[in-house]
Amino acid sequence: MGQGGGFDLLVLVPMKAVFALVAASCVWAAAPSFTLEQIMAKPFASELTAGPEGRLAWLVNVRGARNIWMAGGPDYHARQITKFKGDDGQEIGLIGWMPDGAGVVFVRGGDLENPRGEFPNPLSAPLGVEQAVWFAPVDGNARKLANGSSPTPIPGLGRIVFTRGNQLWSVTLASEDKPVMLAQPRGGTSSIVAAPDGSAVAFVSTRQDHSFIGVYQFTGKSLRYLDASVDSDMLPAWSPDSRSVGFVRIAAQSRRRMSNPDRSAADPWSIRVADVQTGRGREVWKAQAGPGSAFHPIATYSLLWAGGRLVFPWERDGWAHLYSVSAGGGDAALLTPGEFEVEHAALSADEREVLYSSNQDDIDRRHIWRVETTPGARPAPVTRGQGIEWAPVSIPGGVAYIRADARMPARAAVQTGSGAARDLAPETVPLDFPAAALVEPQPVVFTAADGMPIHGQLFLPPNASAGKKPAIIFLHGGSRRQMLLGWHSMYYYNNAYAMNQYLAASGYVVLSVNYRSGIGYGLNFREAIGYGPAGASEYNDVIGAGLYLRNRADVDARRIGLWGGSYGGYLTALGLARASELFAAGVDLHGVHDWSRLRPFETGSPEARTAFESSPMASVKTWKSPVLLIHGDDDRNVSFSESVRLVQALREQKVEFELLIFPDEIHDFLTHAHWVEAYRASAGFLARKLK
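Written as structure tokens, this is what we have:
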């Protein structure tokens, strides 16, 4: 009691005040009703894919153990097919069905989002790790086929094409067969798509400042580049007859200007169709100048060939919508009108409809919709309510998707006929998972420092009526992200949602901020004037969030903290550097600290000066509040040097900081143990600084 003068202080205050202080202390000191380990044990379902006759496969990650599950109609009884054990830090993904439904191919190991020759080794295994293509039959007994990535099953051939480095390789399922190299294109090789008749594969060949659509034909063993230009060609899609390939072309001179919200400075992108035999192409559609003139992809494949029409995303009206155009050319037909954005899209089995997720009529959630691909079609809802649904795929008589809500985590589900949705593999949710103890975040809209309305989700602690409490602002990464009123569709932010729930259960008022330059609220919000290195206009949203919390009756204005990762780490550091009087402490996970070093600005140019002035490093002399810095030193998204240089500056300014460094770990931590350790350290740091 005597440490820090606490006992002397208490004997001098009136007894009524003592009881009030003790009561408030008990509220804050009360342990949450669940542990961090319990909330982080939530399963995370992803990679849902449909195969022949409506068979389904998907990935489930539980405490870092990643395994593939399968189910088939009509009963859709789920079974775990692979038997990988433990938190080994090896990703699984790029799941694809064999055309005959015998099983799925997938990639295990490596960094699936940022592949390069050096594979991440987050557990520092002495002999390193590998990246390999695997096959998992429907009866189990998964086996490795070859070292490589991007496996693409070929219809009718029983063969899988994959990449090794930038080369195209092929392998069969026969155990005695050896992999064979097919082609050695220059540049990077990605986005492999098989022709429907199995005669060829199309792929993207990236060559620094331009890219081609390549086609390798098995008969004749030929390699051809379609309709070659100086531009960037991407997203190949085969015609149903396997004679043509459609693709998106982005002009070489198109430049993304962050200070231009309608993006009218972009040279409009186009859709082209090329003949596979001759290589000659033609333009079938071109975006108009102005809003939507720069191509903005959606979360899943962004060009679909449905019968005689091509389906694609466009932001002509300022929202990410689906359009379709005849493969022969013509005007584009808007399929999804309204003030909302489409995120995931997939064709139905008969290719007459598109299944998609969007935030239509529910701006901070996602639901499934369907619409025919022909002009004049009207979208129809598949799901409604308080849940969040995404990644739809077509099955006979219905649809499968991944769903979550405020309490129950991401899991695969099927919905057939007029029946209700049914979870697949509910046994993956641990029996002690604290779903009933979680709070339902409330949608809020507050005013940024410059007057812009900003959306957020407010997590109130269980003891919401008991006195003033410390508060935490969560700032997501990206910045092209939107946090939702429940468990998120991305693994990184699924983990962040768990952390926000844990902080709320620990007695904090938590505000998750969907700051400008994020998605979900239209093109002008995403392409906000002066955001990021062009002026840090999002800082107004951080200040607005702090003032909103400071003015709440249930928040102690002296105990407001910040936490976030990546772009959210940047905004956390910026808030602490510029406004230590408002923000008492923060946790910065792998944040950007000097924009001028991350972008190819001309030295001494006005753009370089603005970029630096928009960075935390420019304001480090006014930084007073303590900070916890967390970073993996094999980060391929935000260089580890960003933390190295910030620490040097903080030391010079004698700013209090703590470090948690993960050798050999990447940006989106590959091991469950590192996520738990990072969040445990964050919770402990915030408790010490905001107690």
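Numbers in the numbering used here are just positions in the sequence shown, counted from 1, shifted up by 841. Cβ coordinates follow ideal geometry from the N, Cα and C atoms, glycine included.
Rounded C-alpha distance that separates residue i from residue j
{"i": "residue 983", "j": "residue 975", "result": "7 Å"}
{"i": "residue 1099", "j": "residue 1378", "result": "Here the model assigns residue 1099 a pLDDT of 36, short of 50, so the residue's position is not dependable, and the following value carries that caveat. Their Cα atoms are separated by approximately 11 Å."}
{"i": "residue 1009", "j": "residue 989", "result": "10 Å"}
{"i": "residue 830", "j": "residue 1089", "result": "Nothing can be reported for residue 830: it is not among the residues displayed for the chain, which extend from 842 to 1532."}
{"i": "residue 1255", "j": "residue 911", "result": "12 Å"}
{"i": "residue 932", "j": "residue 885", "result": "13 Å"}
{"i": "residue 1085", "j": "residue 1115", "result": "6 Å"}
{"i": "residue 1539", "j": "residue 1070", "result": "There is no way to answer for residue 1539, as the model of the chain reaches only from 842 to 1532."}
{"i": "residue 1397", "j": "residue 939", "result": "58 Å"}
{"i": "residue 1229", "j": "residue 1207", "result": "5 Å"}
{"i": "residue 1001", "j": "residue 1241", "result": "26 Å"}
{"i": "residue 1448", "j": "residue 1529", "result": "40 Å"}
{"i": "residue 1418", "j": "residue 1059", "result": "59 Å"}
{"i": "residue 1374", "j": "residue 1358", "result": "12 Å"}
{"i": "residue 1307", "j": "residue 1385", "result": "25 Å"}
{"i": "residue 1156", "j": "residue 1364", "result": "7 Å"}
{"i": "residue 952", "j": "residue 1475", "result": "11 Å"}
{"i": "residue 1320", "j": "residue 1019", "result": "44 Å"}
{"i": "residue 1055", "j": "residue 1109", "result": "23 Å"}
{"i": "residue 1045", "j": "residue 1074", "result": "7 Å"}
{"i": "residue 1025", "j": "residue 1012", "result": "16 Å"}
{"i": "residue 1190", "j": "residue 1174", "result": "21 Å"}
{"i": "residue 1218", "j": "residue 1172", "result": "15 Å"}
{"i": "residue 994", "j": "residue 1252", "result": "26 Å"}
Local Cβ density within 10 Å of residue i, reported as buried at 16 or more and exposed below that
{"i": "residue 1226", "result": "exposed"}
{"i": "residue 1076", "result": "buried"}
{"i": "residue 1512", "result": "buried"}
{"i": "residue 1458", "result": "buried"}
{"i": "residue 1435", "result": "buried"}
{"i": "residue 1178", "result": "exposed"}
{"i": "residue 1034", "result": "buried"}
{"i": "residue 1117", "result": "buried"}
{"i": "residue 941", "result": "exposed"}
{"i": "residue 927", "result": "exposed"}
{"i": "residue 1515", "result": "buried"}
{"i": "residue 1519", "result": "buried"}
{"i": "residue 1298", "result": "buried"}
{"i": "residue 1261", "result": "exposed"}
{"i": "residue 1222", "result": "exposed"}
{"i": "residue 1283", "result": "exposed"}
{"i": "residue 1413", "result": "buried"}
{"i": "residue 883", "result": "buried"}
{"i": "residue 1431", "result": "buried"}
{"i": "residue 1310", "result": "buried"}
{"i": "residue 1094", "result": "exposed"}
{"i": "residue 1129", "result": "exposed"}
For residue i, the nearest candidate out of the options (CA to CA)
{"i": "residue 1234", "options": "1452, 1147, 1414, 1186", "result": "1186"}
{"i": "residue 892", "options": "916, 1067, 944, 929", "result": "944"}
{"i": "residue 1318", "options": "1353, 940, 1300, 1489", "result": "1353"}
{"i": "residue 1121", "options": "1065, 1467, 1000", "result": "1065"}
{"i": "residue 946", "options": "962, 908, 1246", "result": "908"}
{"i": "residue 806", "options": "937, 1244, 1158", "result": "There is no way to answer for residue 806, as the model of the chain reaches only from 842 to 1532."}
{"i": "residue 1036", "options": "1082, 1063, 1157", "result": "1082"}
{"i": "residue 1248", "options": "1274, 1232, 1269", "result": "1274"}
{"i": "residue 1270", "options": "1039, 1388, 1250, 1261", "result": "1250"}
{"i": "residue 1295", "options": "1327, 962, 1366", "result": "1366"}
{"i": "residue 1492", "options": "962, 1464, 1202", "result": "1464"}
{"i": "residue 992", "options": "980, 1041, 935", "result": "935"}
{"i": "residue 904", "options": "1526, 1013, 1335", "result": "1335"}
{"i": "residue 966", "options": "1023, 929, 978", "result": "929"}
{"i": "residue 888", "options": "1470, 1392, 1330", "result": "1330"}
{"i": "residue 1125", "options": "1112, 978, 1211, 1132", "result": "1112"}
Minimum Cβ-Cβ distance from residue i to chain C less than 8 Å
{"i": "residue 1138", "result": "Here chain C cannot be found, since the structure has a single protein chain."}
Between the segment 1278-1289 and the segment 1345-1360, do three or more beta carbon pairs fall short of 8 Å? Touching, yes.
Can we say the segment 1167-1182 touches the segment 1141-1153, given the rule of at least three CB pairs closer than 8 Å? Segment contact: the segment 1167-1182 against the segment 1141-1153, three or more CB-CB distances shorter than 8 Å; contact assigned.
Quiz item: On the three-pair Cβ rule with 8 Å, is the segment 1440-1451 touching the segment 1395-1409?
Solution: Segments in contact, no.
Beta strand (DSSP E) segments (min. 3 residues) lying fully within the segment 1055-1100: Restricted to the segment 1055-1100, the beta strand (DSSP E) segments that are unbroken, complete and at least 3 residues in length are 1063-1067, 1073-1079, 1085-1091, listed in chain order.
Q) Which full runs of the beta strand (DSSP E) of 3+ residues lie inside the segment 1252-1276, going along the chain? A) Counting only runs of 3+ residues, the beta strand (DSSP E) found wholly inside the segment 1252-1276 occupies 1252-1257, in chain order.
query: At which residue ranges does the segment 1391-1464 contain complete alpha helix (DSSP H) runs of 4 or more residues, listed in the order of the chain?
result: Runs found: 1408-1419, 1436-1439, 1447-1454.
In chain order, each beta strand (DSSP E) run of at least 3 residues that lies wholly inside the segment 1122-1178:
List check, beta strand (DSSP E) in window: 1122-1127, 1145-1147, 1150-1155, 1162-1167.
Could you give the uninterrupted runs of the alpha helix (DSSP H) lying entirely in the segment 907-934, keeping only those of 4 residues or more?
Listed in chain order, there is nothing to give.
Q | Start-end ranges of the beta strand (DSSP E) lying completely within the segment 1348-1375, minimum 3 residues | A | Runs found: 1350-1355.
Could you tell me which uninterrupted beta strand (DSSP E) segments, each at least 3 residues in length, are contained entirely in the segment 1010-1041, listed from first to last along the chain?
Uninterrupted beta strand (DSSP E) stretches at least 3 residues long and entirely within the segment 1010-1041 occur at 1021-1024, 1029-1035, given in chain order.
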